[in-house]
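Contents: one structure, followed by commentary.
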Amino acid sequence: MSIKLTNNIRDIISSLSDLYRERAVYLVGGTLRDLLLGRETKDFDVFVIGNGVEFARQFQRRRSGRFILLDEARDEARVVLGDLIFDFNGGISIESDLARRDFTINSMAMRLPSSRIIDPFGGRADLRKGIIRTVREENLSDDALRVLRAFRFKSLYGFSIEKKTRYTI
0 MSIKLTNNIR DIISSLSDLY RERAVYLVGG TLRDLLLGRE TKDFDVFVIG
50 NGVEFARQFQ RRRSGRFILL DEARDEARVV LGDLIFDFNG GISIESDLAR
100 RDFTINSMAM RLPSSRIIDP FGGRADLRKG IIRTVREENL SDDALRVLRA
150 FRFKSLYGFS IEKKTRYTI
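Residue 0 is where the sequence shown starts when you use numbering that gives the first Met the number 0, and the numbers rise one by one after that.
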């Protein structure tokens, strides 16, 4: 599984990592899942160590996009660049961000500007095998919509829901 990006997307991603030379910036979640599956995406999930809202504002100013504050208390913001959407979230560690996600296939990160993938829960292997597996059982009870997402991924990708995850659902 390799990641293919258009030159335009590479340029935009390069400007993300240029903004935070002294801090870590990651592509995370469904963005990385879809890129690893070879699917084109127009939605980019970005995690930064530090203040995600402030980083989004800096990115918006640099790229002349439209800034949307989603949830200041949860440090979430969006920047729209034409038909591309960048959702930003900040925190203290990539490990804690990945641990709170729903499924292993969504719990991977790629540090920018490198292509190094962080995969503490085996999401890449589950992606290759076509398995939907929860990161932690309690993550499903944190948000009831995550249960629906399991069935959406099953239908969309033709994946199977792992036995323990199916029982939890």
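Just so you know, even glycine gets a beta-carbon here, dropped at the ideal spot from N, CA and C.
- Check the Cα spacing between D101 and each of V146, D74 and A76: the tightest is with V146.
- Residue pairing of F102 in beta bridges, as defined by DSSP: T133.
- Under the three-state reduction of DSSP output, L111 falls in the strand class.
- In its chain, beyond the 5 residues on either side, R62 and G64 have a beta carbon closer than 6 Å to the beta carbon of L80.
- Between I116 and I93, the C-beta spacing is not below 8 Å.
- Nearest neighbour of R22 by Cα position, chosen from T103, T164 and G90, turns out to be G90.
- By the neighbour-count criterion, in which a residue is buried when 16 or more other Cβ atoms sit within 10 angstroms of its Cβ, N105 is buried.
- Proximity to K128 across L83, E161 and R148 peaks at E161, based on C-alpha coordinates.
- As for any alpha helix (DSSP H) of minimum length 4 sitting wholly inside the segment 65-90, there is none.
- Here L26 is bridged, per DSSP, to V45 and M109.
- For the options L36, V24 and G37, the alpha carbon positioned closest to that of A55 is the one of V24.
- When DSSP states are grouped into helix, strand and coil, S159 belongs to the strand group.
- Cβ-Cβ distances below 8 Å link K41 to D82, L83 and I84 in the same chain, with the five nearest sequence neighbours on each side left out; the list follows chain order.
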